[in-house]
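The sequence shown finishes on residue 316 if you use full-length UniProt numbering, and the numbering steps up by one all the way, no holes.
The C-beta atom is built at its ideal place from N, Cα and C for all residues, glycine as well.
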Amino acid sequence: MVRNNRTSTVTEFLFSGFPQFEDGSLLFFIPLFIIYIFIVIGNLIVFFAVRMDTRLHNPMYNFISIFSFLEIWYTTATIPKMLSNLICEKKTISITGCLLQMYFFHSLGNSEGILLTTMAIDRYIAICNPLRYPTIMTPQLCAQLSAGSCLFGFLVLLPEIVWISTLPFCGPNQIHQIFCDFEPVLRLACTDTSMILLEDVIHAAAIIFSVLVIAVSYVRIITVTLRIPSAEGRRKAFSTCASHLGVFLMFYGSVSLMYLRFSATFPPTLDTVTALMFAVLAPFFNPIIYSLRNKDMKIAIKKLLCLQKVFNAPAR
């Protein structure tokens with residue numbers, strides 16, 4: 001690890017979010033490793049279940065499969081480095097590695113946020129305008145929305161990352177976080193950091209706008225659903241949206257704790273817990289929510305795992 005004066009460039013950052021290995025980091029490593037494997041396998045199962053079951057080839061499940069695919073890379077951007085830091089004595093990351101981690105983590109997160117907003121609009125059209133839904137959400141539009149979510153998510157952060165890469169960094173070079181994030185890294189810059197406030201405002205505006213769009217969509221969905229005369233119709237409509245709403249609350253709940261606090265400071269332990277919920281726990285629960293709350297998804301997953309005959313066998 002290189003420590004520099006104020007006129008030189010930092011080549012490595014030191015993480016200080018997790019305790020040292022001798023203080024019990026192995027107790028963090030094992031559950032985090034298991035969670036990461038579950039996230040990857042669980043989201044792969046959801047992705048391939050949708051792709052291989054022709055009954056699920058519609059806009060809603062297409063968005064779910066793309067969201068699951070993004071989740072795999074979203075967690076891969078941070079968790080492997082966390083695992084490495086837990087068992088390695090030297091818990092460092094190069095400035096290039098830090099910038100790349102920030103770029104991919106936040107670009108994938110932005111893509112997921114845009115996709116969740118798209119999914120809410122899709123459910124709004126399906127429930128509030130069911131007769132026009134097939135003509136509005138065509139396969140072409142669905143593909144364009146999916147590609148646009150990913151493309152915009154990756155392009156919007158490029159200027160910010162390029163700007164950060166031009167900043168001079170100097171000691172102290174400790175990142176009090178378990179992965180590279182904008183605010184901890186910007187605070188290490190040996191220059192004016194007033195841009196941090198502007199970064200906070202931009203992030204907050206994007207989060208609040210997405211939350212408002214999704215909230216308005218679901219308020220309208222709930223209002224329309226309550227007017228459905230049959231109990232079965234209401235149950236089916238609520239069931240369809242329950243998984244989306246659950247993922248939305250987990251994703252944006254953790255995002256809000258991370259990025260809607262502006263200058264407020266949390267204790268280091270609370271910072272670590274919030275970051276873990278944002279980067280690990282929310283992706284962990286997503287495949288569970290989508291598989292357990294959706295009958296069609298459960299059938300598709302059973303078929304994918306070659307367990308259909310077992311589940312359909314008559315009881316003795």
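As assigned by DSSP and simplified to three states, the class of residue i
i    : result
A315 : With a pLDDT of 48 at A315, under the threshold of 50, the predicted position of this residue should be treated as unreliable, and no value is reported.
A231 : helix
Q20  : Its pLDDT being 49, under 50, Q20 is placed unreliably by the model, and the measurement read from it follows with that caveat. Q20: coil per DSSP, three-state reduction.
S194 : coil
P130 : coil
L157 : coil
Bounding residues of the beta strand (DSSP E) (the contiguous stretch that carries residue i)
i   : result
T92 : T92 to S94
Identity of the residues DSSP links to residue i by a beta bridge
i    : result
F15  : I175
A143 : In the DSSP output, where bridge partners are listed per residue, A143 has none listed.
A242 : The partner list for A242 (beta bridge, DSSP) is empty, contrary to what the question assumes.
F248 : Per DSSP, none; premise fails for F248.
A189 : F169
Opening and closing residue of the alpha helix (DSSP H) in which residue i lies
i    : result
I136 : Y133 to I136
S69  : First, the amino acid is wrong: residue 69 is Phe here, not Ser. Where F69 is concerned, the enclosing alpha helix (DSSP H) stretches over P59 to T76.
D296 : K295 to L304
M277 : Premise fails: M277 is in no alpha helix (DSSP H) and is neither H nor E.
Own chain, CB closer than 6 Å to residue i, minus 5 neighbours either side, in chain order
i    : result
Y133 : I125 and A126
Y61  : V50
F104 : A77
I72  : V40 and N43
Contacts around residue i, its chain only, beta-carbon distance under 8 Å, and the 5 residues preceding and following it disregarded
i   : result
I45 : P287, S291, I301, L304 and L305
L70 : L108, S111, E112, L115 and C150
E22 : Confidence is the limiting factor: at E22 the pLDDT is only 47, short of 50, which leaves the residue's position unreliable, though a coordinate-based value still follows. Correct list: empty, nothing qualifies.
Close-in-space but distant-in-sequence residues of the same chain around residue i (CB under 7 Å, 5 per side omitted)
i    : result
M82  : L32, I178 and F179
S107 : G153, F154 and L157
Specify whether the region 196 to 205 and the region 108 to 124 touch according to this definition: at least 3 beta carbon pairs, one from each stretch, less than 8 Å apart.
Not touching, per the Cβ criterion.
Between the region 228 to 247 and the region 134 to 143, do at least 3 Cβ pairs fall closer than 8 Å?
Contact between the region 228 to 247 and the region 134 to 143 is absent, because fewer than three Cβ pairs lie under 8 Å.
Three or more C-beta pairs under 8 Å: does that hold for the region 270 to 281 against the region 178 to 186?
A contact exists between the region 270 to 281 and the region 178 to 186.
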